[in-house]
Amino acid sequence: MGKNCAVEGCPSFRHCISTKSFYKIFTAKRTNIDKWIEFCQNSPLAKDSVICERHFKDSDFCNPNNKSQGVHSLACPSLYPPTTGSVEPRPSLLHRDETQELKLEIKIEPTEVNF
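Read in the UniProt record's numbering, the sequence shown has 24 at position 24, and its numbers run on one by one without any break.
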């Protein structure tokens, strides 16, 4: 399971162990879909597109202490995360000749056991 936040330039990515909450743009309960679409800044959208919690004020959440409980029905995304030079572009925004190979190195050291 994986999905990028639909907001143009946002690096948030949803996966099975995500610590961020994501909200579907296209749901029957959403009465202001046009504002959500506009907020994405012409990013390509699909029926399962999502926006991450970084784009909502605390007052937009049903429970600001537990953002997975959702946003109010009239809530609209309004916050753009700060951009810094350290944020890598999302893989879907890279051109084919700019794709990067990611390497992960894990070093496991044995622990000393005394009997």
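Note that the Cβ used here is the ideal one computed from N, Cα and C, for glycine as well.
Quick one: what does DSSP say residue i is sitting in, helix, strand or coil?
i   : result
K35 : helix
K24 : strand
K47 : coil
Y80 : coil
K3  : strand
R14 : strand
Have a look at residue i and residue j and give me their C-alpha separation to the nearest angstrom.
i   : j   : result
A28 : R54 : 23 Å
F22 : E38 : 17 Å
K24 : S49 : 6 Å
K57 : G70 : 12 Å
C62 : K20 : 15 Å
H15 : K3  : 7 Å
F26 : K47 : 6 Å
L79 : P64 : 15 Å
N66 : C40 : 24 Å
L45 : I33 : 12 Å
If the criterion is Cβ atoms closer than 8 Å, does the pair residue i and residue j meet it?
i   : j   : result
T31 : S73 : yes
C76 : K35 : yes
S43 : V7  : yes
Taking only beta-carbon atoms, is residue i less than 8 Å away from chain D?
i   : result
F39 : Note that chain D does not occur in the displayed structure, where there is just one protein chain.
Quick check on the burial criterion: 16 or more other C-beta atoms within 10 angstroms. Buried or exposed for residue i?
i   : result
C52 : buried
S12 : buried
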